[in-house]
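Peer 1: Before I ask anything, here is the structure I am working with.
In this note's numbering, the protein residues as written are 8 to 128.
In structure tokens form, the structure reads like this:
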């Protein structure tokens with residue numbers, strides 16, 4: 008599973024938001040070698056006035072996933088997120104920041120239950 012929180016200073020229309028979320032989801036699951044359904048992507052856009060002035064679009068990705076992903080998968084993740092953002096925001100100068108947080112089952116709760124307890128049940 009990969010949970011991705013995306014913070015952006017973009018202003019995408021509804022169709023582009025949908026495409027962006029779908030394509031980022033694909034980039035994440037393919038890069039981390041996960042089945043396509045094992046993802047949760049949330050995009051939050053903020054007005055540019057709410058961030059440090061920049062001459063480019065800045066998008067930060069917080070990627071939460073289980074431990075043990077090989078470094079090559081993480082490299083692919085960072086590269087594919089950048090390429091996907093560039094493709095969706097065609098013609099726009101975009102910079103992505105990807106923060107990867109690996110967590111064990113003892114550090115995740117799902118539906119009110121510690122993931123560790125769900126795995127042992």
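For every residue, glycine included, the Cβ atom is placed at its ideal position computed from N, Cα and C.
So, helix, strand or coil for residue 120, using DSSP?
Peer 2: Against the chain shown, residue 120 aligns to sequence position 113. If DSSP states are grouped into helix, strand and coil, residue 120 belongs with the strands.
Peer 1: Determine, using beta-carbon pairs with one atom in the region 35 to 48 and one in the region 56 to 65, whether at least three such pairs fall under 8 angstroms.
Peer 2: Flag = no, the region 35 to 48 and the region 56 to 65 do not touch.
Peer 1: Given a cut-off of 8 angstroms on the beta-carbon distance, is the pair residue 68 and residue 11 in contact?
Peer 2: For the purposes of this step, residue 68 is taken as the residue at position 61 of the chain shown. For the purposes of this step, residue 11 is taken as the residue at position 4 of the chain shown. The answer is yes: Cβ separation under 8 angstroms.
Peer 1: Rounded to the nearest angstrom, what separates residue 93 and residue 31 at their Cα positions?
Peer 2: Numbered from 1 along the chain shown, position 86 holds the residue referred to as residue 93. Numbered from 1 along the chain shown, position 24 holds the residue referred to as residue 31. Each residue's Cα considered, the two are about 11 angstroms apart.
Peer 1: Helix, strand or coil: which one does DSSP assign to residue 91?
Peer 2: Along the chain shown, read from residue 1 onward, the residue named residue 91 stands at position 84. Three-state result, residue 91: helix.
Peer 1: Please list the terminal residues of the continuous alpha helix (DSSP H) segment that includes residue 64.
Peer 2: Residue 64 sits at position 57 when you count from the first residue of the chain shown. That residue, residue 64, is in no alpha helix (DSSP H); its beta strand (DSSP E) goes 64 to 72.
Peer 1: Nearest by alpha-carbon distance to residue 102: which of 114, 89 and 108 is it?
Peer 2: As a first step, residue 102 must be located in the chain shown, where it is residue number 95. Comparing Cα-Cα distances from residue 102 to each of 114, 89 and 108, the minimum goes to 89.
Peer 1: Quick check: the Cα distance between residue 39 and residue 21, rounded to an integer number of angstroms?
Peer 2: As a first step, residue 39 must be located in the chain shown, where it is residue number 32. As a first step, residue 21 must be located in the chain shown, where it is residue number 14. Approximately 27 angstroms between the Cα atoms of the pair.
Peer 1: Once DSSP output is grouped into helix, strand and coil, what is the label at residue 14?
Peer 2: Against the chain shown, residue 14 aligns to sequence position 7. In this structure, residue 14 counts as strand in the three-state DSSP scheme.
Peer 1: So, at 7 angstroms on beta carbons, what are the nonlocal neighbours of residue 16 in its own chain, with the 5 sequence-adjacent residues on each side left out?
Peer 2: What you label residue 16 is simply residue 9 of the chain shown in a count that begins at 1. Hits under 7 angstroms: 53, 55, 58, 64 and 65.
Peer 1: Alpha carbons only, please: which of 104, 114 and 121 is nearest the one belonging to residue 14?
Peer 2: Here residue 14 refers to the residue found at position 7 of the chain shown. Comparing Cα positions, the closest option is 104.
Peer 1: Below 8 angstroms on the Cβ atoms is my contact criterion, and I expect residue 35 with residue 84 to pass it. Report the Cβ-Cβ distance as a whole number of Å.
Peer 2: Taking the first residue of the chain shown as position 1, residue 35 is located at position 28. Taking the first residue of the chain shown as position 1, residue 84 is located at position 77. Sure, about 7 angstroms apart at Cβ, within 8 angstroms.
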